[in-house]
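Residue numbers (UniProt numbering), protein chains in the order written: chain A, 1 to 578; chain B, 1 to 578.
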């Protein structure tokens, strides 16, 4: 079915993702009916190691920009970066109302203010008692439990039936903070749910995810037994966990010092908005830590994922200005390493042990509970809502596939389960469902100070530079007289040389000299041509000799014009942003 | 105590590692008494992502080379790469007898033959009935269970008492293959053990490691239920696992095709030496796979760790010449991803799901059991042997630290437990133990075709090149007349440019020009000096502008001498190997 062409007999609701499928990160889900579009979440994603130098990745919203007038609003399920992080970039392109719970909007407000976009933004409080009515679509929500307060699931009521989006969730029967709104969820299920979009993150894990209360109990044990200082690292956004640390600190007479910008911010916003209660006098300034008796101190810090510039990592490296680790310190990693961070975290733990700390980490002591449900949580959600159609979201492909298996186990027809990819458009109504067209769902790479079109050439450059180093071949040419004045000279970086035998540099220089002189004799005028031929000749030559493929950069300097040829076909033709 | 100086009253045995402590890999342990040295294992290590372009890392044996005449032999605990992998390199420097069990020597033989070193090597069969007597030291061994057949623990009897080295082990009460020699171990404990060196790999895991038999049962279930083809990936060296696959295949009427060089080699050597029994007619050729009915095929392949060129990875990418994945295929990952490989493995699994395969992986189905003992296995070994001194080995620091905790729990005095690093020399006898001198325990990096001294400069270069790209600043200078003839010109690679505003390239060029003209006016003759000042000026300037730290490479071309200054302080002063 073509976009925009509607069959006179059947209306369909269109559901698709611009981010969040086949990945963890940059969640953005779109529900479209006739001339109305509702967006759920606007997140960012952190790149993996195969994108060196890229800070984050955001969804491409060109589809939404093209249909600006149809977009009624962005509904935010909670305040994690993978759900709100791309707003500062997206808001520059489409400025629509943002709906969210109190803490979510508080975090969004801080972000937009930092980006200078707050003034023109419309932030509308949205909670479980609210209904937002558009012409065809009504949007409401229900409370859920997650690892940050004020998480909600979204209900989009359409003329074909309700579509439920769980947001990130788990079921916690003894939560810190408000309970999941079971009654509302059950009522939705009873009335009938057309389609369910549900969080697939932990679909590979059996059983239920543990309660936050178990962690609280474990913390009390640790705080009671630790004889020296406690250093406590956790996800900064886990306000509930921080409340439990505060409670344990108060119970066992420890003052709290906070290190790490994101951690300080959360305590600030959290207290302002009433999400964290810290009795007066509990906090101490960083510089007071030294003066306190050791058993009366707990240091809450960033670094639970081994982030190299975070407080705990610097402490482990002995590079923190204010805190030096002392033998007898207890360090708690109240977290779970995200795959990809495991090696960094392990190294920090090794280093802390070497410095004489007692380190508590891993699964042994209930010091962490995930914010995402496991298989039984997911099956419970499916049972409560009994959707006709099921779309697993928020997961890498295998997580989505496993979640689909669970749905089938619980009774959803296999043909009504759709494991999709970003950009696949699902058309549904009461009678049928099919995947129609594919919308381009590109990614935008953000680096340094601004959004850059990093593009594949620059990234491939970087990867190549890393793997086998590079060879620079410089020569000075008088282009008026077609004469080679100086060079070619070979300079290398990132090469491994072995001391024995052949002078490969001299060989390379000789070879290039011969080639270039030949080309100049033929009055070849084009720099690009000369350079391309040098690369085409030298690359296989080098590989034959040493089985390595360094990047080869020929540089031609013209003495007459005092100017080096600018390569128009590469990144250097673009200019810097100030 | 100085090396070589012995106190007239007290003799000590010296124990140290040249590799294997504070790391997983390149195991090499040394026991020295008076004029005798016995070495246990000679492994290699695979680099992590922070060493791009390096193939493997081997221990530096300069200490042993300097004392060549004292080295009586290298005793090999088993045939894994991290225990025998550096032999082809080390044997070039010291040629001493190699002792090992049958399969171990079989694998060593193949390695040395490939390296052209077999003819001069002395390979001496060594098993649990053997005693090798030197002047002061006697060496014997005992059978253990591990994930490769013929694994042994080593006993070095010294005048001060026996030293036991466990090799890699777990306790398996229902093993495939011979049982652990409990009786011998218990007897050793009864007689008294001076020091125990024990495998720490899984010291963070509670309980016992599961039996290989559980895996066999799980495989039978999978082979019975799978309706299409089975693709089975596991560690090539796990001969017991391969035997279980063969048994399941035979039981459920499936023919076996083997893909992947290391896998083919293991089946070949394994059958030759009698470690794998495969009934005639079980194997089929790769090209016969297509013609078999799907439910009668199992494909055993490499790629369980997501290695990009391994068979399964190429199949997942659709790049395998002979095997295309068909929906309905069952893929079994009979393995556990080594930390650092998790992302690669996850990506392969995602891809296989996308191609319609049913993928069995992870902890759900008992499809894998580790070859290393968990906490209870370790405590059992400690209880059986009751050593006076304890040295945890074969682990990253936190694993060693945890293993020490277990030893203390079991009753070894804390002051008699030594968590050491490579090169720390432990001096022990019946009365005392202390860490004395530190031997240099450098690492040797192996790249491409030969052993290269990669060194830190080249590696840092590579890392830097990758992260933020690079800027090349080229200029042509007449050094006789101290004149800047051409440039400076800025060329970049791996940079992200943002299209708007300031021409940072022009700014950089202007800045360098000013600086260099200044230096030339002052008659600065030294290239190194000029370049260093350019870097020192430009690096902070670039960072202030765009928060990036690209590598900066100033290049000075002398037109007069037609020669670019060779940087003597960097890798370029070394020459290539042909």
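Where is the CB? At the ideal position from N, CA and C, for every residue including glycine.
Of all residues in the segment 366-397 of chain A, the ones placed with a Cβ closer than 8 Å to any Cβ belonging to chain B are 396, 397, in chain order. With a minimum length of 4 residues, the unbroken runs of alpha helix (DSSP H) contained wholly in the segment 346-426 of chain B fall at 375-385, 397-410. Secondary structure in the segment 283-331 of chain A: the beta strand (DSSP E) runs of 3 residues or longer, each lying completely within the stretch, are 297-301 in chain order. Closest option to residue 297 of chain B, judged by alpha-carbon separation, among B/273, B/254, B/323: B/254. Considered as a whole, the segment 171-209 of chain B harbours 182-191 as its complete alpha helix (DSSP H) runs of no fewer than 4 residues, in chain order.
Annotation: residue 551 of chain B to residue 469 of chain B spans about 6 Å, alpha carbon to alpha carbon. When Cβ-Cβ separations below 8 Å define contact, residue 201 of chain A makes no contact with chain B.
When C-beta atoms of the segment 349-357 of chain B are compared with those of the segment 177-190 of chain B, fewer than three pairs fall below 8 Å, so the two segments do not count as touching.
Of B/121, B/106, B/108, the smallest CA-CA separation from residue 96 of chain B is found for B/121. Across the set A/411, A/112, A/103, the C-alpha of A/103 shows the shortest separation from the C-alpha of residue 126 of chain A. A Cβ of chain B is located within less than 8 Å of the beta carbon of residue 359 of chain A. By the neighbour-count criterion, in which a residue is buried when 16 or more other Cβ atoms sit within 10 angstroms of its Cβ, residue 523 of chain A is exposed. Sorting B/404, B/195, B/286 by C-alpha distance to the C-alpha of residue 431 of chain B places B/195 at the top. DSSP places residue 92 of chain A outside any beta strand (DSSP E), giving it a letter other than H or E.
Going by DSSP, residue 165 of chain A is part of no alpha helix (DSSP H) but of the beta strand (DSSP E) stretching over 161-165.
Spatial neighbours of residue 385 of chain A in its own chain (CB-CB distance under 8 Å, excluding positions within 5 residues in sequence) are listed in chain order as 164, 185, 188, 189, 193, 196. Within chain B, no residue has its CB atom less than 8 Å from the CB of residue 232 of chain A, the nearest being about 18 Å off. Under the criterion of beta carbons closer than 8 Å, residue 395 of chain A and residue 203 of chain A qualify as touching, at roughly 7 Å.
By the criterion of a C-beta distance shorter than 8 Å, residue 272 of chain B is surrounded in its chain by 106, once the five residues flanking it on both sides are discounted. Annotated three-state conformation of residue 505 of chain A is helix, per DSSP. Per DSSP, reduced to three states, the secondary structure at residue 217 of chain B is helical.
For the pair residue 341 of chain B and residue 305 of chain B, the CB atoms are nearer than the 8 Å cut-off. Counting only Cβ-Cβ distances below 8 Å, residue 362 of chain B has contacts in chain A at 204, in chain order.
Rounded to whole angstroms, residue 515 of chain B and residue 546 of chain B show a C-alpha spacing of 21 Å. Distance from the Cα of residue 225 of chain B is smallest, within the candidate group B/198, B/249, B/84, B/160, for B/249. Counting other Cβ atoms within 10 Å of its Cβ, residue 543 of chain B stays below 16 and is therefore classed as exposed. With fewer than 16 other Cβ atoms inside 10 Å of its own Cβ, residue 174 of chain A counts as exposed. Residues of the same chain with a CB within less than 6 Å of the CB of residue 132 of chain B, apart from the 5 flanking positions on each side, are 139 in chain order. Rounded to the nearest whole angstrom, the C-alpha separation of residue 440 of chain A and residue 422 of chain A is 8 Å. Looking from the CA of residue 473 of chain A, the closest CA among A/442, A/443, A/509, A/483 belongs to A/509.
With fewer than 16 other Cβ atoms inside 10 Å of its own Cβ, residue 526 of chain B counts as exposed. About 21 Å separates the CB atoms of residue 177 of chain A and residue 99 of chain A; that is not less than 8 Å, and the two are not in contact.
Within the segment 340-356 of chain A, the residues whose Cβ lies closer than 7 Å to some Cβ of chain B are 340, 342, 343, 346, 349, 350, 353, 354, listed in chain order. Contact between residue 171 of chain B and residue 445 of chain B does not hold, since the beta-carbon distance rounds to 36 Å and is not under 8 Å. A buried status is given to residue 243 of chain B, since no fewer than 16 other beta-carbon atoms sit within 10 Å of its beta-carbon.
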